[in-house]
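Notes to accompany the following structure.
2 protein chains.
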Amino acid sequence: MVNIRDVAARAAVAPMTVSRVLNNPDAVSVDTRKRVEEAIADLHYVPNMVGQGLRKRRTMVLGLVVSDITNPFAVQQIQGVTKAARAAGYTVIFAHTEHSADEELHQLRSLIERRVDGVLLSPVYNTPDSVEFVQRQRRPIAVLGYDMAGLDVDVVRCDTDAAARSLTEFLIDLGHRSIAMLSGSENIVTAVERARGYTRAMTEAGLGVRITYGRFTPESGYEMAMSALRAPERPTALVTASNFIALGAAEAASALGLRVPEDLSITTFDNARTDLVHDPFFTGIVQPVAEMASAGTDMVIERASGQVAGPGRDRIFPTTFEVHRSTAPPSREPASSRAPSSAATRRGHHNEVKGSQQ
Amino acid sequence: MVNIRDVAARAAVAPMTVSRVLNNPDAVSVDTRKRVEEAIADLHYVPNMVGQGLRKRRTMVLGLVVSDITNPFAVQQIQGVTKAARAAGYTVIFAHTEHSADEELHQLRSLIERRVDGVLLSPVYNTPDSVEFVQRQRRPIAVLGYDMAGLDVDVVRCDTDAAARSLTEFLIDLGHRSIAMLSGSENIVTAVERARGYTRAMTEAGLGVRITYGRFTPESGYEMAMSALRAPERPTALVTASNFIALGAAEAASALGLRVPEDLSITTFDNARTDLVHDPFFTGIVQPVAEMASAGTDMVIERASGQVAGPGRDRIFPTTFEVHRSTAPPSREPASSRAPSSAATRRGHHNEVKGSQQ
DNA sequence: CTGTTAGCGCATTCAT
DNA sequence: ATGAATGCGCTAACAG
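The listed protein sequences correspond, in order, to chains B and R. If you're matching positions, the first sequence starts at 646 in our numbering and goes up one per residue. If you're matching positions, the second sequence starts at 646 in our numbering and goes up one per residue.
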């Protein structure tokens, strides 16, 4: 391919002058600049950033590692990262790990080999290995999603514990007393955190806790809901740890002849953004995923370009609690108590956005 | 960062020996190899592929450019490409263009600057500019999606024209006579091709053609369906050019009090794969998107590694026609004729897979 | 089996 | 305002 010397030769200047035209045009006289630009156009010259990267020790490439690309969540992360990266002139190498910690390390290594200027990681687990690997290679990294216990690293996340509590408390306020939690894999932090928030809210209200751990899929949601709803004292409401689980649970309810929300209320996390869905159904928590990913990308770029140094920052974004059509006070017969007064005020507030928290 | 000379010094060998340990271990004695490997581990050395890329003139990076990442389609493309790339040791730079031809060229240029070894393009339009730009830079490229009239380039696609015909003919066989087509933007080839297949089938059957061009979104589908269904002679069936349009059309039908399929049959393209959906609703065409993307990636890699040269290949994948619950013979009153015999055999064959074509 | 030389494309540094 | 020398990290080609 044509290189900077070819251009220089054609314009009858030194390669250095061509370089200046590209990187610092004002330092070149208008005359020679014009000549060089013509040569560039004539030869269809495209600068080689591999050479540049070697010399400048910057590749202008960022790495993004997500767990599961089939999750709409990941798509929003990709959008957020590429948007922020593009705005700063970076491109993005994309990798996904299919929930495997080994694959995560493998992909990160591959990114380091390519000498990306920084890494965005939506991690499988919150073990320190991945972050420490990248940091040992002196590349900035930001974690998307959750706290990395005790690590000195930039983090962008929501207060999931509080969000889970508010979902649960909302159901309790509606009058529900028998509320089950359907979560994801016990190995995944978000699954555990969300279950923990549920547990706290239930315990504080003096109610019994019922948690099932499965996977973040509709199938798993279906199965978990099936066994939960067939249990002796059938719950009148479910807290699910993801939209996929909620979908499966709704199917299960329908298969059992239960109407949502009349016979069963369902709440969920990771709701799709309202502006993407015509007629949202599930009451649940919405995270500003794309914005969070953009913010994380900015943090990484700040460090890569030397604008920021020092200790890791922990940026917590507000979640939104949206009330839609999947929740209602419990019906009379199976519930152990009536709907309390606080629920009455909310009854009928369909599609109301309760607002943000934290 | 630690480089190959640091490792060499620590192992008391020449840098070349370290290089050999990494690239051709058998050419090094067991003894020295062990020493070098220790040094690598001690120093946490990760080879610099930027330097390697400059020297070998191969980056082991591929570029993937898709139009719209919010389309589940794009996700399958990403999966297919990353899978094939990873299997061959390549990583993938990902870019999306939001349906802008300018942005497409811009992203391609950025990929060329990074000296990717090859490009996968799911193009906005089938104009030659993008392909020609990449080819002029002597990088292999494969086009995902549709034919590039007269260009000498690797293409991976389906026979969309035939697929559109078969959708339409299926409806005609069911007994429908008044069938409208809701398509995407007239600027986008797939939209036009799908409309063309519909037109041919209708014309051959001696039926009138009604085509609306809009966008590939639920909102647009809703609007197009609304005006189509309010027209004087209301159609008894719709052919939609994408799943998004079909969703909007179904909403519109529901808003007008029409039942699907009793009062209105709907068929679609770009159906999600059956194994991803619990209880598929739409009768329509399914493309093996991920497999196509993988195949395109293999084609690019074959050229990048010199295994293949010569003229562009046109690889056409079979589509699958899945009959689900959104289609039925027309009801008696508004239709001009009864359901013919051929439709009777299909009536009730819900969730049947009709098989593949071409 | 191991080492030396040289250069991939570019930009920093210094000189003019 | 422009150019020459040098080296970023690595490996092909050759030498021993």
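Cβ atoms here follow ideal geometry from the backbone N, Cα and C, with glycine treated the same way. From a predicted model like this one, the values you see are computed outputs, not experimental measurements.
Pull up the distance between the alpha-carbon of residue i and that of residue j, whole angstroms please.
i, j, result
"L796(B)", "Q952(B)", "21 Å"
"Y787(R)", "G734(R)", "Sequence check: residue 787(R) is Ala here, not Tyr. The alpha-carbon atoms of A787(R) and G734(R) are separated by roughly 18 Å."
"A840(B)", "G829(B)", "9 Å"
"S976(R)", "A876(R)", "18 Å"
"V647(B)", "R784(R)", "13 Å"
"P863(R)", "M871(R)", "12 Å"
"T844(B)", "V854(B)", "6 Å"
"T805(B)", "A894(B)", "21 Å"
"K999(B)", "L816(B)", "Residue confidence for K999(B) is low, a pLDDT of 47 falling below 50, so the modelled location carries little weight and cannot support an answer."
"T919(R)", "P963(R)", "In this prediction, T919(R) has a pLDDT of 49, which is less than 50 and means its spatial position is unreliable; what the coordinates show is noted afterwards. Looking at the two C-alpha atoms, the distance is approximately 16 Å."
"S712(B)", "S767(B)", "7 Å"
"A938(B)", "T942(R)", "28 Å"
"K728(R)", "V737(R)", "10 Å"
"Y791(R)", "D799(R)", "10 Å"
"V673(R)", "E683(R)", "14 Å"
"R822(B)", "A719(B)", "34 Å"
"T885(R)", "V931(B)", "31 Å"
"L921(B)", "V675(R)", "A caution first: L921(B) carries a pLDDT of 48, below 50, which makes its placement in the model too unreliable to give a value."
"T835(B)", "P974(B)", "28 Å"
"I1068(B)", "Y867(R)", "The structure shown does not extend to residue 1068(B), since chain B spans only 646 to 1003, so no value can be given for it."
Kindly indicate which three-state DSSP category residue i falls into: helix, strand or coil?
i, result
"G1000(R)", "Residue confidence is low: G1000(R) scores 44 on pLDDT, short of 50, so the model does not pin down where it sits. No coordinate-derived value is stated."
"H994(B)", "Unreliable placement is indicated for H994(B), whose pLDDT of 32 sits below 50; the coordinate value is still reported in the next sentence. Correct three-state label for H994(B): coil."
"A740(R)", "strand"
"S830(B)", "coil"
"A825(B)", "strand"
"G842(R)", "helix"
"V647(B)", "coil"
"D959(R)", "strand"
"T848(R)", "helix"
"S939(B)", "helix"
"T964(B)", "strand"
"V931(B)", "strand"
"T913(B)", "strand"
"E907(R)", "coil"
"T972(R)", "coil"
"A733(R)", "coil"
"A659(B)", "coil"
"A836(B)", "helix"
"A654(R)", "helix"
"A746(R)", "helix"
"A1004(B)", "There is no way to answer for residue 1004(B), as the model of chain B reaches only from 646 to 1003."
When you compare the CB positions of residue i and residue j, do they come within less than 7 Å of one another, or not?
i, j, result
"A740(R)", "Y770(R)", "no"
"S887(B)", "F927(B)", "no"
"A882(R)", "S910(R)", "yes"
"A653(R)", "V663(R)", "yes"
"T912(R)", "L756(R)", "no"
"A809(B)", "G859(B)", "no"
"R960(R)", "V801(R)", "yes"
"R680(B)", "A656(B)", "yes"
"V764(B)", "V779(B)", "yes"
"A825(R)", "P880(R)", "yes"
"R759(B)", "M694(R)", "yes"
"M869(B)", "L819(B)", "no"
"L709(B)", "V691(B)", "no"
"P925(R)", "S971(R)", "no"
Could you list which residues in chain R have their beta carbon closer than 8 Å to that of residue i, in chain order?
i, result
"S755(B)", "T736"
Can you pull the chain R neighbours of residue i, defined as C-beta to C-beta under 7 Å?
i, result
"G696(B)", "L699"
"M646(B)", "Q782 and R783"
"V720(B)", "I714, T715 and V720"
Given that residue i touches chain R, what residues does it touch there, using C-beta distances under 9 Å?
i, result
"Q724(B)", "I714, T715 and H741"
"T727(B)", "I714, F739, A740 and H741"
Chain B partners of residue i, CB-CB under 8 Å?
i, result
"P692(R)", "E758"
"T912(R)", "Those within 8 Å of T912(R) in chain B number zero; the least Cβ separation is about 20 Å."
Could you list which residues in chain B have their beta carbon closer than 9 Å to that of residue i, in chain order?
i, result
"H689(R)", "F778, R781 and Q782"
"T704(R)", "V695 and R759"
Counting only runs that start and end within the region 856 to 905 of chain B, where is the beta strand (DSSP E) found for 3 or more residues in a row?
882 to 885
Contiguous beta strand (DSSP E) assignments of at least 3 residues, all confined to the region 748 to 821 of chain R
763 to 766, 786 to 790 and 799 to 803
List in chain order: all unbroken beta strand (DSSP E) runs of 3+ residues lying wholly within the region 661 to 728 of chain R.
706 to 711
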